[in-house]
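K.L.:
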Amino acid sequence: MARAVTTNRKIITTAVAWTIALILFFPIFWTILTSFKTEAQAINDPPLFFNFDWTLENYAVVQERSDYMKFLWNSIIIAGGSTILGILIAIPAAWSMAFVPSVRTKDILLWMLSTKMLPAVGVLYPISLIFVEFNLLDTRLGLIVVLMLINLPIIVWMLYTYFREIPGEILEAARMDGATLRDEILYVLTPMAVPGIASTLLLNFILAWNEAFWTLNLTAANAAPLTAFIASYSSPEGLFFAKLSAASTMAIAPILILGWFSQKQLVRGLTFGAVK
Amino acid sequence: MGQIELKQVTKSFGDVQVIPPLDLTIHDGEFTVFVGPSGCGKSTLLRLIAGLEDITTGHIEIDGKDATALVPAKRGLAMVFQSYALYPHMSVRKNIAFPLRMAKMDSAEIDKRVNAAASVLNLTDYLDRRPGQLSGGQRQRVAIGRAIVREPAAFLFDEPLSNLDAALRVGMRLEISELHKRLETTMVYVTHDQVEAMTMADKIVVLQAGVIEQVGTPLELYRAPRNTFVAGFIGSPRMNLIEGPEAAKHDAATIGVRPEHIDVVESGGQWQGTVGVAEHLGSDTFFHIHNTGLAETLTVRAIGDVSLQHGDTIHLNPRADEIHRFDAQGLRIAK
């Protein structure tokens with residue numbers, strides 16, 4: 001017998017779900033709302049919800065004071081570059097771990113994950129030195145490499161999980177059919193893992209887009225992405241909540257829109273293989 | 001050409017030797033079946049020939065050339081897997097064409113060969129479908145199509161019919177046999193089903209724990225099993241193996257009589273027992289008989305519908321010239 005779900009129960013769960021969703025969304029909503037207020041209205045007590053004079057002034061000021069497009073472009077290059085580089089390295093790595101595992105494969109996977117447990121600031125000094133030595137400070141290339149390395153364990157883990165779902169016999173069939181290792185990965189494994197690879201790409205892009213520790217510490221003017229753009233408005237000159245909000249809204253908008261359109265893919269990818 | 005020779009081949013996984021030193025020659029054009037209970041090493045042996053597993057020691061020669069170190073693709077063999085192993089993201093046409101594409105064949109020739117294979121296998125109407133839209137039997141035919149387009153030196157089949165239902169299995173069995181007659185290419189076929197082995201093979205290799213128990217034609221194995229293992233494994237229902245005083249009467253440690261070589265008589269038979277289960281197939285009746293004092297259960301096959309029921313006493317006469325004798329080691333004693 002199917003589990004009976006009463007109407008009351010449905011209403012309660014729906015209400016609880018919406019409440020949690022709204023609480024989670026509220027800071028973003030408030031940021032967007034504040035970006036349309038004047039600085040005075042932004043810090044008004046009690047807080048103003050909709051009863052204020054809507055203005056686009058903050059956006060105009062922000063655009064005037066800093067070149068949004070330059071930051072946006074840097075974000076796209078850095079997040080996109082680190083994602084593509086990461087996936088190119090992770091596919092062969094995950095292939096070997098999933099299909100020709102050694103006795104140490106599990107250990108390597110755990111060790112890779114353990115690097116995520118290290119506080120980033122712990123390696124700030126050595127990495128800064130390396131950047132100075134190789135002239136990578138404030139370059140997009142430097143950030144692409146660092147963000148790629150930071151997210152690589154997650155990419156490898158995700159791909160490894162997806163690849164494990166692919167029957168080894170199919171790859172063996174490809175080998176019998178005369179496929180080289182390159183053909184096998186290119187024509188058989190990758191197309192079969194497309195949902196998994198796509199969601200890995202998306203997630204990694206979002207992580208790289210939002211990464212703020214390294215992007216803030218290793219850039220100045222040239223390679224600064226949108227995280228630095230936001231940070232530049234939480235300035236010591238005083239609190240400009242409305243402008244900060246406008247800058248934040250402009251920074252999160254692209255990724256929010258990307259996430260909105262790809263949420264189906266993302267959910268499908270993240271739950272890939274959970275149900276056979 | 002497709003002669004395959006295994007010379008002193010062994011395979012170990014870690015410290016466990018699954019194939020002790022083994023020699024075997026599979027002649028060109030022969031339909032060879034590896035048969036044995038699960039875990040006997042028959043699939044491993046096939047994968048060693050395919051090159052999907054590396055052999056631990058020994059040599060594999062294909063057409064007289066040492067293939068031991070060759071990757072699977074370079075051995076000129078095609079394989080059909082138990083799970084079909086079709087590429088789910090490709091159409092049937094692309095699946096069949098894949099080995100030809102990998103061989104960098106020109107597209108006109110690929111089309112010609114794919115269409116030819118499709119018409120042989122009745123797949124012409126399905127060429128643009130994906131494997132997921134096909135039935136089990138059709139998928140199996142696509143897998144076979146993918147193997148035949150390459151015109152390989154030999155085909156390797158790894159339990160290809162075990163995922164099909166009984167009726168389809170019989171049909172596909174015939175199709176594969178017919179394919180072999182037409183192509184006259186070497187085929188190596190792995191199965192745990194001795195009926196498949198008996199009906200399809202030119203030569204059967206019976207394996208147990210990685211060791212070849214006997215190699216021979218189906219009828220050689222049926223008529224003269226080399227030991228009690230082969231005797232019990234080949235033939236359906238399985239041979240009755242009887243030990244003790246009855247065996248001693250024939251100067252043997254064990255005697256074996258096939259169910260079809262025991263006659264049911266009205267009265268005064270050499271052996272008697274009680275009918276346990278009677279399976280009436282119409283053409284035959286199988287009796288499972290208890291309380292014979294010979295073995296726990298004796299199986300007897302009677303032609304036609306013999307109307308004896310559960311609990312009835314049954315009288316039996318084994319045919320003297322069909323009794324197989326085995327010594328204490330289980331080896332056949334010559335007549």
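So the protein lines, in turn, are chains A and B. Position 170 of the first sequence, counted from 1, bears residue number 170 in UniProt numbering, the numbering being contiguous throughout. Position 222 of the second sequence, counted from 1, bears residue number 222 in UniProt numbering, the numbering being contiguous throughout. We put the beta carbon where it would ideally sit given N, CA and C, even for glycine.
May I ask you to check if the CB of Ala117 (chain B) is nearer than 7 Å to at least one heavy atom of the ligand NAD?
P.N.:
As far as ligands go, the structure on display features none, and thus does not contain the ligand NAD.
K.L.:
Residues of the stretch 80–109 of chain B with a CB closer than 7 Å to any CB of chain A: list them in chain order, please.
P.N.:
Here the close residues are Phe81, Ser83, Ala85, Tyr87, Pro88, His89, Phe98, Pro99, Met102 and Ala103.
K.L.:
Report, in whole angstroms, the separation of the C-beta atoms of Gly268 (chain B) and His192 (chain B), which I expect to be a contact under 8 Å.
P.N.:
Position 268 of the second sequence holds residue 268 (chain B). Position 192 of the second sequence holds residue 192 (chain B). Wrong, their Cβ atoms sit about 41 Å apart, outside the cutoff.
K.L.:
Under a Cβ-count criterion, where at least 16 other Cβ atoms within 10 Å of its own Cβ denotes burial, should Trp271 (chain B) be classed as buried or exposed?
P.N.:
Residue 271 (chain B) sits at position 271 when you count from the first residue of the second sequence. So Trp271 (chain B) counts as buried.
K.L.:
Going straight from the alpha carbon of Asn291 (chain B) to that of Ile333 (chain B), what length do you get?
P.N.:
Indexing the second sequence from 1 puts residue 291 (chain B) at position 291. Indexing the second sequence from 1 puts residue 333 (chain B) at position 333. Roughly 28 Å separates the two Cα atoms.
K.L.:
Considering Cα atoms alone, identify which of B:Gln208, B:Glu175 and B:Ala153 is closest to Val188 (chain B).
P.N.:
Counted from its first residue, the second sequence places residue 188 (chain B) at position 188. Per the Cα distances, B:Ala153.
K.L.:
Hey, could you find the ends of the alpha helix (DSSP H) Met176 (chain A) is sitting in?
P.N.:
Position 176 of the first sequence, counted from the start, is the residue given in the question as residue 176 (chain A). Counting along the chain, the alpha helix (DSSP H) containing Met176 (chain A) begins and ends at Gly168 to Met176.
K.L.:
Do the CB positions of His310 (chain B) and Val275 (chain B) come within less than 8 Å of each other?
P.N.:
In the second sequence, residue 310 (chain B) corresponds to position 310, counting from 1. In the second sequence, residue 275 (chain B) corresponds to position 275, counting from 1. It is a contact, given that the beta carbons lie within the stated cut-off.
K.L.:
When you compare the CB of Pro131 (chain B) with every CB in chain A, is at least one pair closer than 8 Å?
P.N.:
Looking up residue 131 (chain B) in the second sequence gives position 131. No, Pro131 (chain B) does not count as interfacial toward chain A.
K.L.:
Please report how far the alpha carbon of Ala73 (chain B) lies from the alpha carbon of Leu100 (chain B), in whole angstroms.
P.N.:
Along the second sequence, read from residue 1 onward, the residue named residue 73 (chain B) stands at position 73. Along the second sequence, read from residue 1 onward, the residue named residue 100 (chain B) stands at position 100. Distance between the alpha carbons of Ala73 (chain B) and Leu100 (chain B): 12 Å.
K.L.:
State the Cα-Cα distance for the pair Val16 (chain B) and Phe98 (chain B), rounded to the nearest angstrom.
P.N.:
On the second sequence, position 16 is the one that residue 16 (chain B) refers to. On the second sequence, position 98 is the one that residue 98 (chain B) refers to. Taking the straight line joining both Cα atoms gives about 37 Å.
K.L.:
Can you tell me the Cα-Cα spacing of Ala328 (chain B) and Ala252 (chain B), whole angstroms?
P.N.:
Working through the second sequence from its first residue, we reach residue 328 (chain B) at position 328. Working through the second sequence from its first residue, we reach residue 252 (chain B) at position 252. Cα to Cα, the separation comes out at about 8 Å.
K.L.:
Give me the subset of the stretch 50–78 of chain B whose CB atoms are less than 9 Å from a CB atom of chain A, sorted by chain position.
P.N.:
Of all residues in the stretch 50–78 of chain B, Ala50, Gly51, Leu52, Val71, Pro72, Ala73, Lys74, Arg75, Leu77 and Ala78 have a Cβ within less than 9 Å of some Cβ in chain A.
K.L.:
Going along the chain, which residues of its own chain have a beta-carbon closer than 7 Å to the beta-carbon of Gly86 (chain A), five neighbours each way excluded?
P.N.:
On the first sequence, residue 86 (chain A) is found 86 positions in, with the first residue counted as 1. Closer than 7 Å at the Cβ level, and outside the excluded window around Gly86 (chain A), lie Met148, Asn151, Leu152, Ile155 and Asn204.
K.L.:
On the CB-based measure, 16 or more other CB atoms within 10 Å of its CB, does Leu48 (chain B) come out buried or exposed?
P.N.:
If you number the second sequence from 1, residue 48 (chain B) lands on position 48. Burial call: buried.
K.L.:
Taking contact to mean at least 3 C-beta pairs separated by less than 8 Å, is the stretch 71–82 of chain A in contact with the stretch 136–146 of chain A?
P.N.:
Contact holds: three or more Cβ-Cβ distances are below 8 Å.
K.L.:
Alpha carbon to alpha carbon, how far is Ala173 (chain A) from Met79 (chain B)?
P.N.:
Here residue 173 (chain A) corresponds to residue number 173 of the first sequence, with the count starting at 1. Here residue 79 (chain B) corresponds to residue number 79 of the second sequence, with the count starting at 1. The straight-line gap from Cα to Cα measures roughly 7 Å.
K.L.:
For a contact meaning CB atoms closer than 7 Å, what does Arg238 (chain B) contact in chain A?
P.N.:
Along the second sequence, one-based indexing puts residue 238 (chain B) at 238. Ordered by position in chain A, no residue passes the 7 Å Cβ test against Arg238 (chain B), which lies about 31 Å from the chain.
K.L.:
Which residue comes first and which comes last in the beta strand (DSSP E) that contains Gln3 (chain B)?
P.N.:
In the second sequence, residue 3 (chain B) corresponds to position 3, counting from 1. Unbroken run through Gln3 (chain B): none, as it is neither H nor E.
K.L.:
In the DSSP output, what is residue 345 (chain B) paired with across the bridge?
P.N.:
Nothing about residue 345 (chain B) can be read from this structure; chain B reaches only from 1 to 335.
K.L.:
Note down, in chain order, every chain B residue with its Cβ under 7 Å from the Cβ of Glu169 (chain A).
P.N.:
Numbered from its first residue, the first sequence carries residue 169 (chain A) at position 169. Neighbours of Glu169 (chain A) on chain B, chain order: Phe81, Ser83 and Ala85.
K.L.:
Classify Glu279 (chain B) as buried or exposed, calling it buried when 16 or more other Cβ atoms lie within 10 Å of its own Cβ.
P.N.:
To locate residue 279 (chain B), count along the second sequence from 1; it is residue 279. Result: exposed.
K.L.:
In the structure shown, what three-state DSSP assignment does Ala274 (chain A) receive?
P.N.:
Working through the first sequence from its first residue, we reach residue 274 (chain A) at position 274. Unreliable positioning characterises Ala274 (chain A) in this predicted model, as indicated by a pLDDT of 43, which lies under 50. A coordinate reading is not provided.
K.L.:
Going along chain A, which residues have a C-beta under 9 Å from Arg113 (chain B)?
P.N.:
Taking the second sequence and counting its residues from 1, one reaches residue 113 (chain B) at position 113. What Arg113 (chain B) touches in chain A: nothing, since even the nearest Cβ is about 14 Å away.
K.L.:
Could I get the ranges of all uninterrupted alpha helix (DSSP H) runs contained in the stretch 189–220 of chain B, with 4 residues as the minimum, in chain order?
P.N.:
Complete alpha helix (DSSP H) runs here, min 4: 194–200.
K.L.:
What residue range does the beta strand (DSSP E) around Ile255 (chain B) cover?
P.N.:
Mapped onto the second sequence, residue 255 (chain B) falls at position 255. Looking at the DSSP string, the run of the beta strand (DSSP E) that includes Ile255 (chain B) is Thr254 to Val257.
K.L.:
For the alpha helix (DSSP H) holding Arg47 (chain B), just list the boundary residues, first then last.
P.N.:
Here residue 47 (chain B) is taken as the residue at index 47 of the second sequence, counted from 1. From DSSP, the alpha helix (DSSP H) with Arg47 (chain B) extends over Lys42 to Ala50.
K.L.:
Short of 7 Å in beta carbon distance, which residues of its chain neighbour Gly51 (chain B), apart from the five on each side in sequence? Order them along the chain.
P.N.:
What you label residue 51 (chain B) is simply residue 51 of the second sequence in a count that begins at 1. Leu70, Val71, Pro72 and Arg75.
K.L.:
Give me, in chain order, the residues of the same chain whose beta-carbon lies closer than 7 Å to that of Ser75 (chain A); leave out the 5 immediate sequence neighbours on both sides.
P.N.:
For the purposes of this step, residue 75 (chain A) is taken as residue 75 along the first sequence, with counting starting at 1. Within the same chain, Ser75 (chain A) has close Cβ partners Trp209, Pro225 and Leu226.
K.L.:
Kindly give me the distance between the Cβ atoms of Leu181 (chain A) and Ala94 (chain A), rounded to whole angstroms, as I take these residues to be in contact under 8 Å.
P.N.:
Along the first sequence, read from residue 1 onward, the residue named residue 181 (chain A) stands at position 181. Along the first sequence, read from residue 1 onward, the residue named residue 94 (chain A) stands at position 94. Wrong, their Cβ atoms sit about 14 Å apart, outside the cutoff.
K.L.:
How would you write the range of the beta strand (DSSP E) that Asn317 (chain B) sits in, first residue to last?
P.N.:
If you number the second sequence from 1, residue 317 (chain B) lands on position 317. Where Asn317 (chain B) is concerned, the enclosing beta strand (DSSP E) stretches over Thr313 to Pro318.
K.L.:
Can you have a look at Asp305 (chain B) and say buried or exposed, based on whether 16 or more other CB atoms are within 10 angstroms of its CB?
P.N.:
Residue 305 (chain B) sits at position 305 when you count from the first residue of the second sequence. Classification for Asp305 (chain B): exposed.
K.L.:
Among B:Glu213, B:Thr297, B:Glu53 and B:Leu6, whose alpha-carbon lies nearest the alpha-carbon of residue 342 (chain B)?
P.N.:
Absent from the model: residue 342 (chain B). The displayed extent of chain B is 1 to 335, so no value can be given.
K.L.:
Near Gly216 (chain B), which residues of its chain fall below 6 Å by C-beta distance, leaving aside the five closest residues on each side in sequence?
P.N.:
For the purposes of this step, residue 216 (chain B) is taken as residue 216 along the second sequence, with counting starting at 1. Here the set comprises nothing.
K.L.:
In terms of alpha-carbon separation, which member of B:Lys112, B:Pro237, B:Arg173 and B:His89 lies closest to residue 336 (chain B)?
P.N.:
No answer is possible for residue 336 (chain B): the residues shown for chain B start at 1 and end at 335.
K.L.:
Please report the distance separating the alpha-carbon of Gln194 (chain B) from that of Val35 (chain B).
P.N.:
Stepping through the second sequence from its first residue, residue 194 (chain B) is reached at position 194. Stepping through the second sequence from its first residue, residue 35 (chain B) is reached at position 35. Cα to Cα, the separation comes out at about 7 Å.
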